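Presented below is the structure to which this report refers.
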Amino acid sequence: MEPSAAAARMADFAHRHVAGRRLWRESEFPADLWSQMRDAGLFGIGLPDGGYAAIAAADGALAEHGGAPGVASVWTGHQVVARYMIGGFGTPEQKAAWMPGLASGALTACVAISEAGVGAHPKHLSTTATPVSGGMRLDGAKTWVSNAALSDLIIVFAISGMDGERKRYSAFVVPRDAEGVRLLPGRDIGALRPSHHAEMKLDACVVPAGSRLGPADAAFETMGIPFRDVEDAVGASGMAGTLRHLLGLLAASTPADRADDAAPRLGGIAASVAVAADAAAALAAGLDAQTWRPGAPPAVLTGVRLLCTDILAGMQAYRLDFAPGADDAIDILMRDVALLLNIAKGPRMMKQSRIGMALLRRAPVAEQQGQ
Numbered sequence: 218m219e220p221s222a223a224a225a226r227m228a229d230f231a232h233r234h235v236a237g238r239r240l241w242r243e244s245e246f247p248a249d250l251w252s253q254m255r256d257a258g259l260f261g262i263g264l265p266d267g268g269y270a271a272i273a274a275a276d277g278a279l280a281e282h283g284g285a286p287g288v289a290s291v292w293t294g295h296q297v298v299a300r301y302m303i304g305g306f307g308t309p310e311q312k313a314a315w316m317p318g319l320a321s322g323a324l325t326a327c328v329a330i331s332e333a334g335v336g337a338h339p340k341h342l343s344t345t346a347t348p349v350s351g352g353m354r355l356d357g358a359k360t361w362v363s364n365a366a367l368s369d370l371i372i373v374f375a376i377s378g379m380d381g382e383r384k385r386y387s388a389f390v391v392p393r394d395a396e397g398v399r400l401l402p403g404r405d406i407g408a409l410r411p412s413h414h415a416e417m418k419l420d421a422c423v424v425p426a427g428s429r430l431g432p433a434d435a436a437f438e439t440m441g442i443p444f445r446d447v448e449d450a451v452g453a454s455g456m457a458g459t460l461r462h463l464l465g466l467l468a469a470s471t472p473a474d475r476a477d478d479a480a481p482r483l484g485g486i487a488a489s490v491a492v493a494a495d496a497a498a499a500l501a502a503g504l505d506a507q508t509w510r511p512g513a514p515p516a517v518l519t520g521v522r523l524l525c526t527d528i529l530a531g532m533q534a535y536r537l538d539f540a541p542g543a544d545d546a547i548d549i550l551m552r553d554v555a556l557l558l559n560i561a562k563g564p565r566m567m568k569q570s571r572i573g574m575a576l577l578r579r580a581p582v583a584e585q586q587g588q
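Going from the sequence shown to this note's numbering is simple: count from 1 and add 217.
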């Protein structure tokens, strides 16, 4: 499906089923909405063989026209996990078993990497995968498992070997109802509702050998690290869609007698949002065209996030100056954008530093410049 067609289909759905429901008040994802998405064929966007550009375009349309970035993050999370993890690393047999259900919405998938207190740092994760008769036994606990409550398949990253002191990881597709699996409610972060997270406990959970997804003992570097770049690239369109929705709310909340003063400020913000949206679309198209690869992202991926940070600051200042008594939906959506921009801030700052360091290494030293 072409990105424009995906965006149009999602925009129509958002107008009919999401807009006006104020779903950011809900702590659980509405079951009726998931069913409506399935009936509308939305899980086929970008699956099984479609592109990231279509997923990104639909993500942006859902966020813009639905006004609930938490809903967009849930749908997009499923699509990206299915497209990248299973579509990208599954065996022919695994794809045949799972992709039709993922593309129809009969199955939902998510990823479990992070653990309590250590995040997703590979040096400190402790969940293990031990060979046993008939497969692998998984033991440990995962946290911040997004979409777990909706998912049938959970892709678990676990230590499957050691290379000296270095932990080696494999990924396993674990049915949510497998013996030894317990899901517990995650901490409510008070943002991006109705998306939610769960804690996952694995106690002697045995999965068959055929459940391993991707390369043995190399899943973290080949799948886990690049996955964040794919999430960021596709999710940038959803962030731009939320910012477009916020633009409409700010405009509607501006008193008519302040229009002359407000117009230059709001116009400048709108221009920046347009740049962010175009850059986000280009990132997703680049994934499809393989002009850049996950794990080695272009500088524009960092640039989009920095631009969105500046846009959010501009919107917050505009709200104070021109719409201080506006609908609280504006503050809630701004809080959601701020949260999205701060997720994994440390690793993203490292990417920013690498961009700067590459420039510094190529630049002449001060002595050569006669300074």
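Note that the Cβ used here is the ideal one computed from N, Cα and C, for glycine as well. Since we're looking at a predicted model, the values are computed, not measured.
Nearest neighbour of residue i, chosen from the options [CA to CA]
i	options	result
P515	V391, G378, D369 and A497	A497
R393	L367, A289 and T471	L367
V391	V362, G407, A415 and V424	V424
G573	L550, K418 and T519	T519
T345	D356, G352, A337 and H338	D356
Q311	A285, P265, R242 and G512	P265
R354	L319, K418 and A534	K418
R399	D478, D420 and M532	D420
R536	P472, T325, G352 and A433	P472
R242	I549, T308, W315 and G318	I549
Y269	G294, F246 and P348	G294
W361	G334, K562, S489 and T325	G334
D449	G542, K562 and G237	K562
R238	P411, R579, P317 and G542	P411
T347	E438, G378 and M567	G378
Beta-carbon proximity of residue i to residue j, cut-off 8 Å
i	j	result
F374	A323	no
L504	A487	no
I371	R385	no
S221	A274	yes
R300	G263	yes
L288	V235	It is worth fixing the name first, because residue 288 is Val in this sequence and not Leu. Yes.
A501	V451	yes
V297	V447	yes
S470	A540	yes
A415	A365	yes
L319	F260	yes
R522	R565	yes
C422	A453	no
W292	M316	no
D405	S244	yes
Burial state of residue i (16 or more Cβ within 10 Å)
i	result
K340	exposed
K359	buried
E584	Since pLDDT at E584 reaches only 42, below the 50 mark, its modelled position is unreliable, and no value is offered.
H413	buried
M218	buried
R475	exposed
L342	buried
N559	exposed
E332	buried
D249	exposed
T325	buried
P511	buried
I272	buried
M227	buried
R578	exposed
S363	buried
D229	exposed
R233	exposed
Range covered by the alpha helix (DSSP H) that runs through residue i
i	result
H295	P286 to V297
M551	A546 to N559
F230	P220 to H234
P392	Run containing P392: none in the alpha helix (DSSP H); it sits in the beta strand (DSSP E), R383 to P392.
A248	A248 to D256
R206	Here the chain has residues from 218 to 588 only, and residue 206 is not among them.
Own chain partners of residue i with C-beta closer than 7 Å, once the 5 adjacent residues on each side are dropped
i	result
A468	L483
A231	A278, L279, H282 and G283
D256	none
M440	M302, F306, A388 and G431
S290	L409, S412 and G455
G267	M218
I442	G512
Sequence-distant residues of the same chain with beta carbon closer than 6 Å to residue i, five excluded per side
i	result
A494	A457
G201	Nothing can be reported for residue 201, as the shown portion of the chain is limited to 218 through 588.
L466	I547
K568	T519
Chain-order list of residues whose beta-carbon lies under 8 Å from that of residue i (same chain, five-residue window excluded)
i	result
V554	P286, M456, T459, L460, L463, C525 and L529
A225	A278
M551	L463, L529, M532, Q533 and R536
Element boundaries [beta strand (DSSP E), containing residue i]
i	result
E416	H414 to P425
T345	T345 to V349
D266	Unbroken run through D266: none, as it is neither H nor E.
D356	G352 to S363
G465	From DSSP, G465 is part of no beta strand (DSSP E) but of the alpha helix (DSSP H) over I442 to A469.
M379	L370 to D380
Contact with chain D by residue i, beta-carbon distance below 8 Å
i	result
R354	Within the model displayed, chain D is absent; a lone protein chain is all it includes.
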